[in-house]
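Asker: Each number in our numbering comes from the position in the sequence shown (counting from 1) with 157 added on.
Glycine included, every Cβ here is placed at the ideal spot set by N, Cα and C.
In this text the structure is predicted, and so the values were computed from the model without any measurement.
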Amino acid sequence: MEALVSTVSRSCPFLAKTPVKTLRRLSTLPAALPAGHPAPAPRNALLASAQKCPVMGTALAVQSSRAISTSAKCPFAAAVDAAVPIVGPPGAAAGFGAEPPMPNPPAFVNGPSAGRAPAAKPAAAAVAAAKPAAFAGAFDYEAFYQTELDKKHKDKSYRYFNNINRLAQLFPTAHTGTGEHVTVWCSNDYLGMSRHSLVTENMKATLDKYGAGAGGTRNIAGNAQLHLSLERELADLHKKPAALVFSSCFVANDATLSTLGSKLPGCVIFSDASNHASMIQGIRHSGAPKKIFRHNDLAHLEELLQSVDINTPKIIAFESVYSMSGSIGHIKEIAALARKYNAITFLDEVHAVGMYGRTGAGVAEYIDAMDEIDIITGTLGKAYGVVGGYIAASAPLVDMIRSYAPGFIFTTSLPPVVVSGALTSIRYLKTSQAERSAQQLHTRDLKGRLDALGIPVVPNPSHIVPVLVGDAETAKSVSDELLYKYQIYVQSINFPTVARGEERLRITPTPGHTAELADVLVDALSTIWRERGLKTVEDWAAVGGNAGVGTGQRVEQLVKLEDIEIPAGYVPSHESVTVSASA
Ligand SMILES: Cc1ncc(COP(=O)(O)O)c(C=O)c1O
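1) If you reduce the DSSP assignment to three classes, tell me which class I485 lands in.
2) Below 8 Å on the Cβ atoms is my guess for E476 versus N432; work out the distance and round it to an integer in Å.
3) Using the three-state DSSP reduction, which class does E476 fall into: helix, strand or coil?
4) Rank K309, D312 and S351 by C-alpha distance to the C-alpha of F328 and give the top, closest one.
5) Apart from the five residues just before and just after P258, which ones in its own chain have a Cβ nearer than 7 Å to its Cβ?
6) Considering only the beta carbon of each residue, do P613 and E713 sit closer than 8 Å?
7) Closest Cβ-Cβ distance between G336 and chain B: below 8 Å?
8) CA-CA distance, K309 and T631?
9) Can you tell me whether G546 sits near ligand 1, meaning its C-beta is under 7 Å from at least one heavy atom of the ligand?
10) CB-CB under 7 Å to I321, same chain, minus the five flanking residues each way: which ones, in chain order?
11) Which two residues bound the contiguous alpha helix (DSSP H) that contains S683?
12) Buried or exposed, going by whether 16 or more other CB atoms sit within 10 Å of the CB of A738?
13) Roughly how many whole angstroms lie between the Cα atoms of A579 and V356?
14) If you draw a straight line from the alpha carbon of H338 to that of A300, how long is it in whole angstroms?
15) Can the beta-carbon of Q644 be found less than 8 Å from the beta-carbon of I721?
16) Going by Cα to Cα distance, which pick from Y315, A521 and G418 is closest to N651?
17) Quick one: is I664 buried, meaning 16 or more other Cβ sit within 10 Å of its Cβ, or exposed?
18) In three-state terms, what does DSSP make of R316?
19) Check this for me: beta carbons of P662 and V700, under 8 Å apart or not?
20) May I ask you to check if the CB of V626 is nearer than 7 Å to at least one heavy atom of ligand 1?
21) At which residues does the beta strand (DSSP E) containing S431 begin and terminate?
22) Extract the residue ranges of the alpha helix (DSSP H) inside the segment 586–647, only unbroken runs of 4 or more that lie entirely within it.
23) Take T413 and list the residues in its own chain whose beta-carbon comes closer than 6 Å to its own, dropping the five residues that flank it on each side.
24) Can you tell me whether C406 sits near ligand 1, meaning its C-beta is under 7 Å from at least one heavy atom of the ligand?
25) Less than 6 Å between C-beta atoms, sequence neighbours within five positions excluded: which residues of the same chain meet that for L607?
26) Under the three-state reduction of DSSP, which class applies to E722: helix, strand or coil?
27) Which same chain residues end up closer than 8 Å to A725 when comparing Cβ atoms and leaving out the 5 residues on each side of it in sequence?
28) Please tell me whether Y317 and F265 are closer than 8 Å, where the distance is taken between their beta carbons.
29) V465 by DSSP, collapsed to three states: which one?
30) Taking DSSP as the reference, what is the three-state secondary structure of V543?
31) Pick helix, strand or coil for A549, following the three-state DSSP scheme.
32) Comparing alpha-carbon positions, which option in S484, N376 and I449 lies nearest H508?
Here it is in structure tokens:
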């Protein structure tokens, strides 16, 4: 510090010859300036002296962001900055002083912490006043944040988080911030495994034995037997030689695609237009050129593949179940194109693992295509009910990602307790068909019932039930009404997660969503649709269809009835197992 002061003093002609005592006195003396001084009237004599400084004086006159770097260059100016906030035009200092209290709940949480009435838009002043600018003309960080948020409010894409506390013993019930019970119809805990007694009992035992955290990265003290067992289990699940576990599948996708795309010489990545943000991020981070093919459009993919030299390394990245529309990727066909054009395939089975196939390995297992895919990625956080992500692939590929991917190497590994829960869940779902079957039956049932009422379900062959609203504000308002009036929680899905004009409610039935709960949901939706005059399938057909609704084609569920174990005594509440329109 002393060295700094001495350097500052030596390089600034004013500071060098002014004792600290004088500086202090100047900072309290009012300024005397000649008439017509160009800069705003300084508050005191120290500031007036700063304005005479050949560097700082100009900076003050300009009063722009250039002053920041100038100030940094002139040690005296920096000293003045620290000692006296530079005054701007009258009123510029308004908002300095005590920060307003944070609203409770935070502005982005829907409802009073939370539960009864929808939250108002956050008060702009309350957010903007969090941290004042250092001096007039300085870059105003807080104002910048607020402007970015205002854009979100304006285009209705601002995200409100609902305070939802899912109750393990009352699945699929949750309590809100006010303690009110609601039925959750939009969780990705697709099979209710997060509260399965085998999973929670094993987790409790592991917690007692190994404690709360992993204690390090995989490289340093965080590589336990449980991690190794989980990776063996996952490799076996996908019938691949090796697997690698990450903190999440977002990280797995990002780390794997960015590493592969940057390592493979000249690599070009072909990406489905509907791919998840984690893959888009990975592709961007790889720096590799990318070619985006229209969602599920094989002809377009082939056209793009033809445009690249056959000997250039290529990755085709796509998903099995696209979670916002429920559409399913053309796995076999894409694998065939990959063989033809010497590409490798990267398949995200995040929404399919645990859900499809005899052992829950995903859609590729269900259609018998696992060995045609090079890299399969999945999550431990949805159907498996815990958290974490992984890749399964050849041993050299997995070892290369293990050795080079920063997203794998430089982070604390999953806690043993989490690994133990995931391992239990995977092993259990390898043999039990009951959860998958009940989930499939409840999905068929709900789709059929909504279809019969003309409530527009985006047609698709998977377990997702997206109900088309077609407008961001209305979608949020319907979601709020379901929550506050009917005690049903279904999150609205808006841009950029879905295209503008295709906003929807994304419903995900689970084994716990009985026919009685479905009655309540269907009645609520049909009342809301009627009272608000929302567009039905017929209405969408009249305007040429939207998001596949109202186009008149029919889509069968991927999982055939004969592959579902129907429990004794199960009576479907609706016959229909197909919905109109195209995938
Ligand atoms: C298709 C897809 N891939 C990857 C992810 C990321 O998975 P995780 O939640 O394990 O990070 C998601 C998350 O929703 C997803 O939908």
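Answerer: Judging by the given coordinates:
1) For the purposes of this step, residue 485 is taken as the residue at position 328 of the sequence shown. DSSP places I485 in strand when its eight states are reduced to three.
2) Taking the first residue of the sequence shown as 1, we reach residue 476 at position 319. Taking the first residue of the sequence shown as 1, we reach residue 432 at position 275. Indeed they touch by this definition, with Cβ atoms about 6 Å apart.
3) Translated into positions along the sequence shown, residue 476 becomes position 319. DSSP, read as helix, strand or coil, puts E476 in strand.
4) The sequence position of residue 328 within the sequence shown is 171, counting from 1. With distances taken between Cα atoms, F328 lies closest to S351.
5) Taking the sequence shown and counting its residues from 1, the one referred to as residue 258 is at position 101. Confidence at P258 is low in this model, with a pLDDT of 33, below 50, so the placement of that residue is unreliable and no value is reported for it.
6) In the sequence shown, residue 613 corresponds to position 456, counting from 1. In the sequence shown, residue 713 corresponds to position 556, counting from 1. P613 is not a Cβ neighbour of E713, given a cutoff of 8 Å.
7) The displayed structure is made up of one protein chain only, and chain B is not part of it.
8) Taking the first residue of the sequence shown as 1, we reach residue 309 at position 152. Taking the first residue of the sequence shown as 1, we reach residue 631 at position 474. Computed Cα separation, rounded: 16 Å.
9) As a position in the sequence shown, residue 546 is number 389, starting the count at 1. Yes; taking the cut-off as 7 Å, the Cβ of G546 has a heavy atom of ligand 1 nearer than that.
10) Reading the sequence shown from its first residue, position 164 is the one you call residue 321. Listed in chain order, the non-local C-beta contacts of I321 below 7 Å within the same chain comprise A331, T333, V341 and Y646, local neighbours out to five positions each way being set aside.
11) Stepping through the sequence shown from its first residue, residue 683 is reached at position 526. For S683, the enclosing alpha helix (DSSP H) covers residues A672 to R689.
12) Counting from one through the sequence shown, the residue named residue 738 turns up at place 581. Interpretation of A738 is limited by its pLDDT of 39, a score under 50 that renders its predicted location unreliable; the figure taken from the coordinates is listed afterwards. Sixteen is the threshold: when 16 or more other Cβ atoms of the shown chains lie within 10 Å of the Cβ of A738, as they do, the residue is buried.
13) In the sequence shown, residue 579 corresponds to position 422, counting from 1. In the sequence shown, residue 356 corresponds to position 199, counting from 1. In a straight line, the C-alpha of A579 is about 8 Å away from that of V356.
14) One-based indexing of the sequence shown puts residue 338 at position 181. One-based indexing of the sequence shown puts residue 300 at position 143. When rounded, the distance between both Cα atoms is 39 Å.
15) Working through the sequence shown from its first residue, we reach residue 644 at position 487. Working through the sequence shown from its first residue, we reach residue 721 at position 564. Between Q644 and I721, the CB-CB gap reaches or exceeds 8 Å.
16) The residue given as residue 651 occupies position 494 in the sequence shown. Per the Cα distances, Y315.
17) Against the sequence shown, residue 664 aligns to sequence position 507. Buried: at least 16 other Cβ atoms inside 10 Å.
18) Numbered from 1 along the sequence shown, position 159 holds the residue referred to as residue 316. Here R316 sits in coil by DSSP.
19) Within the sequence shown, residue 662 is the residue found at index 505, counting from 1. Within the sequence shown, residue 700 is the residue found at index 543, counting from 1. Note on identity: in this sequence residue 662 is Leu, with Pro being the wrong assignment. Contact flag unset, no.
20) Here residue 626 is taken as the residue at index 469 of the sequence shown, counted from 1. Within the chosen limit of 7 Å, ligand 1 does not reach the beta carbon of V626 with any heavy atom.
21) Here residue 431 corresponds to residue number 274 of the sequence shown, with the count starting at 1. Neither: S431 is in no beta strand (DSSP E) and is coded neither H nor E.
22) The qualifying runs are 591–609 and 629–643.
23) Counting from one through the sequence shown, the residue named residue 413 turns up at place 256. Closer than 6 Å at Cβ, skipping near neighbours: I548 and I558.
24) The sequence position of residue 406 within the sequence shown is 249, counting from 1. Flag set: Cβ of C406 near ligand 1.
25) Walking along the sequence shown from the start, residue 607 turns up at place 450. Short of 6 Å from the beta carbon of L607, and not among the five residues preceding or following it, lie these beta carbons of its own chain, in chain order: V614.
26) In the sequence shown, counting from the first residue as 1, residue 722 sits at position 565. Here E722 carries a coil assignment [DSSP, helix/strand/coil].
27) As a working note, residue 725 is residue 568 in the sequence shown. Answer for A725: no residue qualifies.
28) Along the sequence shown, read from residue 1 onward, the residue named residue 317 stands at position 160. Along the sequence shown, read from residue 1 onward, the residue named residue 265 stands at position 108. Closer than 8 Å, so yes.
29) Start at 1 with the first residue of the sequence shown, and residue 465 comes out as number 308. In this structure, V465 counts as coil in the three-state DSSP scheme.
30) As a first step, residue 543 must be located in the sequence shown, where it is residue number 386. Per DSSP, reduced to three states, the secondary structure at V543 is coil, with no helix or strand assignment.
31) Here the question's residue 549 lines up with position 392 in the sequence shown. Secondary structure of A549 (DSSP, three-state): strand.
32) Within the sequence shown, the letter at position 351 stands for residue 508. The option with the nearest alpha carbon to H508 is S484.
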